[in-house]
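Q:
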Amino acid sequence: MYEQVAFYLFSVLTIGLFLVTVLSKNLLYSMTSLAAGMVMISGFFFILGADFLGVVQLIVYVGAVMALYAFAMMFFDATRDIKEKNANSGWIFLLGGMIALMLVIVFSAPIFSENIQAIYPSIPGATNPQSVGLVLFTKYLVPFEVAAVMLLVAMIAGIILAGKKMDQSLTTEDDIVKTEVISQEDEK
Amino acid sequence: MEIVNVAVLPEVTSAGVIIKAIIILAIISAIAGFGTYLERKILAFMQRRLGPMHVGPYGLLQIAADGIKLFTKEDIVPQNANKLIFKVAPAITAATAFIALAAVPVFPDFTIPEWIPLLGGTFVPSIAADINIGVLFILGMMAAGLYGPLLAGMAQANKWGIIGSARTAIQFLSYEVVTGLSILAPIMLVGSLSLVEFNNYQQGGFSSWMMWQQPVAFVLFLIAGFAETNRTPFDLLEHEAEVVSGYATEYSGMRWGMFFIGEYANMITVSVLAAVIFMGGYNDLGFIAGWLIVVLKIAFVFFLMLWVRASWPHIRPDQLMWLCWKVLMPVAVVNVVITGFVMMV
Amino acid sequence: MSLEQFKNRNVGSQTYKMIESEPTPESGMGRFGQVVKRTFKGELFVGLYVTMREMINALFIGEMHTVKYPLEKLPISPRYRAIHDMLRLLESGHYRCIGCGLCEKICISDCIKMDTRYDENQRKEVSEYTINFGRCIFCGYCAEVCPELAIVHGGRYENASEQRAGFSLFEDMLTPIDALKDQKEFDGFGAVTPNADNAIKKTPLAY
Chain C
1 MYEQVAFYLF SVLTIGLFLV TVLSKNLLYS MTSLAAGMVM ISGFFFILGA
51 DFLGVVQLIV YVGAVMALYA FAMMFFDATR DIKEKNANSG WIFLLGGMIA
101 LMLVIVFSAP IFSENIQAIY PSIPGATNPQ SVGLVLFTKY LVPFEVAAVM
151 LLVAMIAGII LAGKKMDQSL TTEDDIVKTE VISQEDEK
Chain G
1001 MEIVNVAVLP EVTSAGVIIK AIIILAIISA IAGFGTYLER KILAFMQRRL
1051 GPMHVGPYGL LQIAADGIKL FTKEDIVPQN ANKLIFKVAP AITAATAFIA
1101 LAAVPVFPDF TIPEWIPLLG GTFVPSIAAD INIGVLFILG MMAAGLYGPL
1151 LAGMAQANKW GIIGSARTAI QFLSYEVVTG LSILAPIMLV GSLSLVEFNN
1201 YQQGGFSSWM MWQQPVAFVL FLIAGFAETN RTPFDLLEHE AEVVSGYATE
1251 YSGMRWGMFF IGEYANMITV SVLAAVIFMG GYNDLGFIAG WLIVVLKIAF
1301 VFFLMLWVRA SWPHIRPDQL MWLCWKVLMP VAVVNVVITG FVMMV
Chain U
2001 MSLEQFKNRN VGSQTYKMIE SEPTPESGMG RFGQVVKRTF KGELFVGLYV
2051 TMREMINALF IGEMHTVKYP LEKLPISPRY RAIHDMLRLL ESGHYRCIGC
2101 GLCEKICISD CIKMDTRYDE NQRKEVSEYT INFGRCIFCG YCAEVCPELA
2151 IVHGGRYENA SEQRAGFSLF EDMLTPIDAL KDQKEFDGFG AVTPNADNAI
2201 KKTPLAY
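Protein chains in written order, with our numbering: chain C, 1 to 188; chain G, 1001 to 1345; chain U, 2001 to 2207.
(1) To the nearest whole angstrom, what separates the beta carbons of Leu2102/U and Pro2147/U, a pair I think is in contact under 8 Å?
(2) Taking the alpha carbon of Tyr1037/G as the reference point, which residue from Val1270/G, Phe1260/G, Ile1288/G has its own alpha carbon closest?
(3) Going along the segment 65 to 79 of chain C in order, which residues come within less than 7 Å of chain G, judged by CB to CB distance?
(4) Within its chain, find whatever has a CB closer than 7 Å to the CB of Leu2169/U; leave out the 5 residues flanking it on each side and keep chain order.
(5) Determine, for Ile59/C, whether the minimum Cβ-Cβ distance to residues of chain G falls below 8 Å.
(6) Candidates Arg2081/U, Phe2060/U, Ser2027/U, Val2152/U: which alpha carbon is nearest Gln2183/U's?
(7) Say whether chain U places a C-beta atom closer than 8 Å to the C-beta of Met1046/G.
(8) I'd like the span of the alpha helix (DSSP H) that includes Met1211/G, first residue to last.
(9) Would you please verify whether the beta carbon of Val1327/G is less than 8 Å from any beta carbon of chain U?
(10) If we count the other Cβ atoms within 10 Å of its Cβ and call it buried at 16 or more, is Arg80/C buried or exposed?
(11) Can you tell me which residues form a DSSP beta bridge with Glu145/C?
(12) Hey, is Ser1311/G's beta-carbon within less than 8 Å of any beta-carbon in chain U?
(13) Mark Asp2178/U as exposed unless 16 or more other C-beta atoms lie within 10 angstroms of its C-beta, in which case mark it buried.
(14) Rounded to whole angstroms, what's the CA-CA distance from Asp2172/U to His2094/U? Just pull it up for me.
(15) Would you list the one or two residues that DSSP bridges to Glu2128/U?
(16) Identify every run of the alpha helix (DSSP H) within the segment 1017 to 1050 of chain G, keeping only runs that are complete inside it and at least 4 residues long; order them along the chain.
(17) Can you pull the chain G neighbours of His2094/U, defined as C-beta to C-beta under 7 Å?
(18) Since Asn1199/G meets chain C, which of its residues come closer than 9 Å, beta carbon to beta carbon?
(19) Roughly how many angstroms separate the alpha carbons of Pro1057/G and Gly2030/U, rounded to a whole number?
(20) Tell me which residues share the same chain as Met1154/G and place their Cβ nearer than 6 Å to its Cβ, disregarding the 5 neighbours each side in the sequence.
(21) Enumerated in chain order, which unbroken segments of the beta strand (DSSP E) with a length of 3 residues or greater are wholly contained in the segment 1292 to 1335 of chain G?
(22) So Val1187/G and Asn128/C are in contact, right, with Cβ under 8 Å, and what is the actual spacing, rounded?
(23) Do the CB positions of Ala1224/G and Val1336/G come within less than 8 Å of each other?
(24) How would you call Ala78/C, buried or exposed, if buried means at least 16 neighbouring beta carbons within 10 angstroms?
(25) Name, please, each residue of chain U whose Cβ falls closer than 7 Å to the Cβ of Arg1049/G.
(26) Assign Gly49/C to one of two classes, buried (16 or more other C-beta atoms within 10 Å of its C-beta) or exposed (fewer than that).
(27) Between Lys164/C and Ala157/C, what straight-line distance do the alpha-carbon atoms span, to the nearest angstrom?
(28) Strictly below 8 Å CB to CB, what residues from chain C border Glu1242/G?
(29) Consider the Cβ of Gly63/C: report whether some Cβ of chain G lies at a distance smaller than 8 Å.
(30) Which term fits Ala1310/G, buried or exposed, when burial requires 16 or more other beta carbons within 10 angstroms of its beta carbon?
(31) Going by beta-carbon coordinates alone, are Arg2117/U and Ser2109/U separated by less than 8 Å?
(32) Would you check if the segment 83 to 102 of chain C and the segment 1167 to 1186 of chain G touch, i.e. whether three or more CB-CB distances between them fall below 8 Å?
(33) Inspect the beta-carbon positions of Thr1096/G and Met1053/G and report whether they are closer than 8 Å.
(34) Evaluate contact between the segment 6 to 23 of chain C and the segment 56 to 74 of chain C, counting only Cβ atoms and requiring at least three cross-stretch pairs below 8 Å.
(35) With DSSP run on the structure shown, which of helix, strand or coil describes Asn26/C?
(36) Listing by chain order, which chain G residues have their CB less than 9 Å from the CB of Val39/C?
Here it is as structure tokens:
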């Protein structure tokens, strides 16, 4: 009973919050509702008993949306509405239609759910992190490692792109010359 | 590895959990208020002052006076602010701070004595929600708590607020990594994410404390904890000398007070985490009872935060980032790798 | 630091102690080394020790600095120039003021107003004497010029009052007759200096 109430509560909240994300023209509203929606999704994992995945969802997306906020802060004025430019309404119809199709599939899935079986059923007795670890490091070891390497490559590329001028001062060259002269005088 | 048989413990009823939740809410919010008094007193003593003296004996009722002031002060919302977000932000800080405390074992299990009517015999667990992954849950909740300062700074249409929230973002993005990595090594040793397991791992008295096995992780966790709770060496978000009051510039009255309560509740959470993960938890130490020793440990870590605030200057944002990414994170990774090797060999 | 050292403006001749500061490291490894050195040198713990020492001294040895002001007051210097006092003669209890009017003349902010008349014994009597403390700048000239040390600066520095006229009447400033035995001789601004006898030189008439 409680689980059903919680499920419908989380469902309504998640859908509502993501609708706000898409429809709002205010930067703060849409990003805050995005973050809140991610937190609500982690609620589903808690209902399903997958505590570990729920917490990972929480930590990962809280951090990810925080990074998004950092970019938004740099590019936009958060207190004003943003003028959106919808040049390609065809794409919007296409994507919207696909999302609607997906929703239909998702809602009709329970009809067939009796025929669905887990290929790798969770091991009885293993705790949440343990079962996640077992699956990750046996069946899905190669994709997992590939993903890790990909992230590493992205990280190194980011460091190289940003790090070229990292040790240079942001002040103009005149200032640098001046400070050098002063420091030389100090040494004398 | 020793696995405690859960079935031995009495059944956890929902009444017990609710009692525990009420205890946490009541006691921790009272202590969080009292923490402001303690902070002012201890900082005053360290600067050879007296601190609050006039409200009540030795200023003990200062918190009541402050509360009356905060509740009755005019609540100002700036004209150009995003009003909804501006109003929600303090609630995020306060709420997440208390949600995080749900997974923290503060006192050992106890049963309400039979002679108390109505609730007699109810078993109250040490932890409101023993969700197996307590450590991660607390860290995640404390991370979510930083949305409070971030949204507050961005919603208030104030340049100091924007700077404060930008600093929140960088501080969170960098120190979350160090917190996770520093706590990873103890997690590997214990083999569980549950704080109760951490406590049981250190049952062997003083010498079995985690901080002797993992001194590097302990120091890293303390540093990262200071950063996560915005305590002084890393209090960039609202440093008065630089950014007026950072994210809290435009706040007044009870909304500002909620930031305050959230900050102190977070301090208590970090103190409890340090006490349970690294300093032996609530096991009996010699002749001292478990509940007393854990309170003493929590109080010591809390005092350490105030002590450090009185002693050390705070650092610049670039120094903070440099320290995090070029010193603390590599040290944490090396610590995890060495722990792994030692465990394998 | 003594007064002579303090007033010495010849920069470079003082015995300043130079604090040894290592040069700023240039390379990344140098900076890392600096962090390691600073971490293990214990400078941070010296800071912790200092604050703890101060706390223990303040709590248990009584080196608390706070003065609870309305309840406790710090002693002030006799040279402090606060609200004026009018002194009395110790022998007769009569006020010292002879009504010469020098204070009124010298007052640069023009705040002293006095009026005199001859009494029945043909002595000069102060019939009216007020000081406008809204204008007084507490320069001390009146005390310095007074030939009888009748008007002096007292120690009442708490100037807040409910009325402007609070302090300014002659009777307010005059030592109460029953407190005459507690009247202290003024040794502040305008008083005879302690070594006045040695400092005095012969007048030209003596030559």
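Built from N, CA and C at the ideal position, the CB exists for glycine as well. From a predicted model like this one, the values you see are computed outputs, not experimental measurements.
A: So, from the data block:
(1) Right, the Cβ-Cβ distance comes to about 7 Å (below 8 Å), so this counts as a contact.
(2) Answer by Cα proximity: Phe1260/G.
(3) Met66, Ala67, Tyr69, Ala70, Met73, Ala78, Thr79: these are the residues of the segment 65 to 79 of chain C whose beta carbon lies less than 7 Å from some beta carbon of chain G, given in chain order.
(4) Closer than 7 Å at the Cβ level, and outside the excluded window around Leu2169/U, lie Thr2130.
(5) True, the Cβ-Cβ gap to chain G drops below 8 Å.
(6) That would be Val2152/U, whose Cα lies nearest to the Cα of Gln2183/U.
(7) For Met1046/G, the answer is yes, since a Cβ of chain U falls inside 8 Å of its Cβ.
(8) 1210 to 1213 is the extent of the alpha helix (DSSP H) around Met1211/G.
(9) Closer than 8 Å to some Cβ of chain U, the Cβ of Val1327/G qualifies, so yes.
(10) Classification for Arg80/C: exposed.
(11) Its beta-bridge partners do not exist; DSSP assigns none.
(12) True, the Cβ-Cβ gap to chain U drops below 8 Å.
(13) Exposed is the label assigned to Asp2178/U, since fewer than 16 other Cβ atoms lie within 10 Å of its Cβ.
(14) Approximately 15 Å, taken between the alpha carbons.
(15) Among the bridge pairs identified by DSSP, Glu2128/U is matched with Asp2115/U.
(16) Residue ranges of uninterrupted alpha helix (DSSP H) with 4 or more members, entirely inside the segment 1017 to 1050 of chain G and ordered along the chain, are 1029 to 1046.
(17) Correct list: empty, because the minimum Cβ distance to chain G is about 46 Å.
(18) Simply none; closest approach about 17 Å.
(19) Their backbone Cα atoms lie some 54 Å apart in a straight line.
(20) Closer than 6 Å at Cβ, skipping near neighbours: Ser1165.
(21) Within the segment 1292 to 1335 of chain G, not a single complete beta strand (DSSP E) segment reaches 3 residues in length.
(22) Looking at the sequence provided, one finds Ile at residue 1187/G rather than Val. No, Ile1187/G and Asn128/C are not in contact; Cβ-Cβ is about 14 Å, not under 8 Å.
(23) Contact annotation: Ala1224/G and Val1336/G have beta-carbon atoms that are not nearer than 8 Å.
(24) Residue environment analysis places Ala78/C among the buried positions, since at least 16 neighbouring C-beta atoms fall within 10 angstroms of its C-beta.
(25) Simply His2065, Thr2066.
(26) Residue environment for Gly49/C: exposed (fewer than 16 other C-beta atoms within 10 angstroms of its C-beta).
(27) For the pair Lys164/C and Ala157/C, the Cα-to-Cα distance works out to about 11 Å.
(28) Neighbours of Glu1242/G on chain C: none; closest Cβ ~18 Å, over 8 Å.
(29) Yes, contact with chain G.
(30) Ala1310/G comes out buried.
(31) It is not a contact, given that the beta carbons lie outside the stated cut-off.
(32) The segment 1167 to 1186 of chain G vs the segment 83 to 102 of chain C: no contact.
(33) Annotated as distal: Thr1096/G and Met1053/G, with beta-carbon spacing of 8 Å or more.
(34) Result no; under three Cβ-Cβ pairs closer than 8 Å.
(35) Asn26/C falls in the strand class under three-state DSSP.
(36) Chain-order list of chain G residues neighbouring Val39/C: Ala1144, by C-beta distance under 9 Å.
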